[in-house]
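Here's the structure we're looking at; comments come further down.
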Amino acid sequence: MTQSAAPVPRASVGLRSERGPILASVMLSTALVAIDTTILATAVPAIVDDLGGFTQFPWLFSAYLLAQAVTTPIYGKLADVFGRKPLMLLGIGLFVLGSVLCAVAWSMTALIVFRAVQGLGAGAIQPAGITIMGDIYSMAERAVAQSYVAGVWAVSAVVGPSLGGLLSDHASWRWIFWINVPLGLLAAVVLARRFHETAGKAAREERRSLDIGGALLLAGAAGLLLLGLLEGGLRWAWWSPAGVGIFAAALALLVGFVLVERRVPDPVLPLWVFRNRVLTSAMLGAFVVGMAMLGVTSYVPVYAQQVLGAGAVTAGLSVAALAIGWPIAASTAGRFYLRHGFRPCLLAGAAFGVVGTTIVATVGPGTPVWVLALGCLVLGLGLGYVASPGIVAAQSAVAWRDRGVATGANMFSRSLGSAVGVAIFGAIANGVVAARLGGGQRAGDVDLENLPIDVLDPALHAVFVAVAVTSIALVVAGLVMPKRIEPGAD
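As numbered in numbering that gives the first Met the number 0, residues 0 to 489 make up the sequence shown, in order.
Shown next as structure tokens:
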């Protein structure tokens with residue numbers, strides 16, 4: 000079967016279509032990555048009881064996310080050099096290997112290291128999978144295809160914690176990792192048999208060098224930056240020698256990366272990416288999406304339970320409304336941007352985003368929980384009109400040889416936005432708490448869930464206001480997007 004980006008009827012997008020098995024493989028691989036982002040949250044007590052290492056367990060999440068985020072832009076480039084299929088199979092292989100190692104881990108330290116191996120696989124799966132969809136679907140079809148992936152993330156966000164708790168309570172926490180093995184192998188077999196990569200053949204056969212120096216500098220700079228953002232204010236004070244030193248080292252590596260990229264013939268992340276208005280708009284949108292998602296999904300459940308008095312299930316459903324709005328918007332965005340263009344589509348998403356975050360920011364102790372859910376639903380619609388069309392626009396504006404780079408840069412921007420959100424929103428919440436309690440509370444010492452309502456309410460309200468202000472940047476992303484996009488050649 001020959002795969003190309005040639006336009007085909009809209010009805011051919013779906014799991015029962017000719018390209019359905021490829022879409023199913025990408026969706027299954029994405030589900031494994033998405034679920035493993037959240038599935039451990041409810042299994043931590045069982046893991047700590049078995050392996051010990053209570054003070055280390057936060058690194059189960061950080062190691063996975065760091066390895067995934069740092070390698071995403073590098074894998075995007077490798078997908079352009081070697082092809083999408085080899086990178087996707089490599090990613091699935093690393094993820095399955097990491098899952099097996101996690102399942103047999105004998106200590107918390109070993110489990111953290113093996114989670115990083117999983118993250119290395121996840122870092123390849125995401126950009127390779129989305130780039131494959133950019134290759135086999137036309138611009139008119141990509142938003143519909145993206146809605147399938149958005150739906151996977153939505154379902155995974157809800158299913159992950161519940162599945163983790165179920166397996167750890169009724170089987171063993173190790174089954175959280177064992178179940179990845181057959182599913183990952185199934186995804187790999189389907190992709191290997193059904194995806195015949197013919198698009199971009201000339202680009203792959205072209206002699207292209209590997210920018211190893213640039214890749215190492217980028218990984219080092221991104222890793223230190225994300226580490227500083229995730230751990231700052233928790234393991235060390237922001238202005239401590241460790242905090243300042245990490246950011247200084249990240250800046251030094253970033254400067255070295257820019258100098259290298261200006262000189263090599265085939266850079267791992269070409270600097271022209273940041274001069275392209277389409278890619279810049281899409282990356283800015285992805286960055287803000289990452290921040291807004293982090294701010295809402297992290298703090299809305301706490302507010303619903305601790306301030307509004309909702310149960311755990313109700314609190315979870317309130318933020319799950321975001322996961323409902325996103326795929327709905329993504330599935331309809333294609334018709335919107337084909338009729339009106341990408342700029343109006345992103346501006347419509349920005350409007351939804353600002354309205355949704357404003358609704359969330361107006362809640363108070365007497366507000367019904369459904370108001371929170373409504374705000375999350377409207378925000379989800381906004382993010383769906385920004386994130387998916389942004390990736391489609393970026394992929395459509397470049398040729399096959401650069402599509403992996405464009406996709407990887409976009410996904411890294413979202414990861415970076417999430418990390419910045421962790422730092423900024425956490426600092427805001429803890430700053431308000433410290434001011435209310437007095438006595439020099441340190442950020443890392445504050446437990447939001449055990450605070451009185453008269454302290455917790457203003458702290459979380461400040462976060463929600465900050466998220467609403469941040470969402471205004473989505474308007475900027477929309478305005479940066481050109482009115483017309485010149486499609487890249489395949």
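For every residue, glycine included, the Cβ atom is placed at its ideal position computed from N, Cα and C. Since this is a predicted model, take the numbers as computed values, not measurements.
### Query
I think Thr36 touches Gly407, with their Cβ atoms under 8 Å apart; what is that distance to the nearest whole Å?
Thr36 to Gly407, Cβ: 18 Å. No contact.
### Message
Count Cβ pairs between the stretch 111-124 and the stretch 153-161 that sit closer than 8 Å; are there 3 or more?
### Response
no
### Query
Below 7 Å between beta carbons: does that hold for Ala490 and Gln145?
Lying outside 0 to 489, the shown extent of the chain, residue 490 is not represented and no answer is given.
### Reduced DSSP secondary structure (H/G/I, E/B, other) of Trp235
strand
### Query
Hey, is Ser11's beta-carbon within less than 7 Å of any beta-carbon in chain B?
Of the protein chains in the structure, only one exists, and it is not chain B.
#### Entry: Neighbour-count burial assignment, Phe463, 16 or more Cβ in a 10 Å radius
buried
### Task
Pick helix, strand or coil for Glu140, following the three-state DSSP scheme.
helix
### Query
In angstroms, rounded to a whole number, what distance separates the CA positions of Asp444 and Gly242?
With a pLDDT of 49 at Asp444, under the threshold of 50, the predicted position of this residue should be treated as unreliable, though the coordinate-derived value follows. So the alpha carbons of these two residues sit roughly 17 Å apart.
### Task
Whole angstroms is fine: what's the gap from Trp271's alpha carbon to Leu415's?
20 Å
### Query
Can you round the beta-carbon distance between Ala392 and Ala285 to whole angstroms, since I take them to be within the 8 Å contact cut?
About 11 Å; that fails the 8 Å criterion.
### Message
Does the contact criterion of 3 or more C-beta pairs under 8 Å hold for the stretch 177-187 versus the stretch 84-95?
### Response
yes
#### Entry: Complete runs of the alpha helix (DSSP H) confined to the stretch 266-323 [at least 4 residues]
276-305
### Message
Classify Ala472: buried if its beta carbon has 16 or more other beta carbons within 10 angstroms, exposed otherwise.
### Response
buried
### Query
For the stretch 95-106 against the stretch 256-269, are there 3 or more C-beta pairs whose distance is under 8 Å?
no
### Query
Could you give the distance in angstroms between the alpha-carbon of Cys375 and the alpha-carbon of Ala320?
6 Å
### Query
Can the beta-carbon of Glu196 be found closer than 7 Å to that of Lys84?
yes
### Query
Which of helix, strand or coil does DSSP assign to Gly219?
helix
### Task
Mind the definition here: the stretch 208-227 touches the stretch 39-58 only if three or more C-beta pairs lie below 8 Å; say whether that holds.
no
### Task
Take the Cβ of His460 as the centre, count every other Cβ of all protein chains shown within 10 Å, and call the residue buried at 16 or more, exposed below.
buried
### Query
Between Ser470 and Val287, which are expected to be in contact by the criterion C-beta below 8 Å, what is the C-beta distance as a whole number of angstroms?
7 Å
### Task
Tell whether a beta-carbon distance below 7 Å holds between Gly477 and Leu345.
yes
### Message
Suppose you measure from the CA of Ser106 to the CA of Gln125; what does that come to, to the nearest Å?
### Response
29 Å
### Query
What first and last residue would you give for the alpha helix (DSSP H) that runs through Leu59?
Trp58 to Phe81
### Query
With distances taken between CB atoms, is the gap from Pro364 to Asp456 smaller than 7 Å?
yes
### As assigned by DSSP and simplified to three states, the class of Gly52
coil
### Query
Hey, would you say Arg402 sits closer than 7 Å to Thr130, going by beta carbons?
yes
#### Entry: Span of the alpha helix (DSSP H), counted from its first residue to its last, around Leu250
Pro240 to Glu260
### Query
Which class does Ala476 belong to by DSSP, given the choice of helix, strand or coil?
helix
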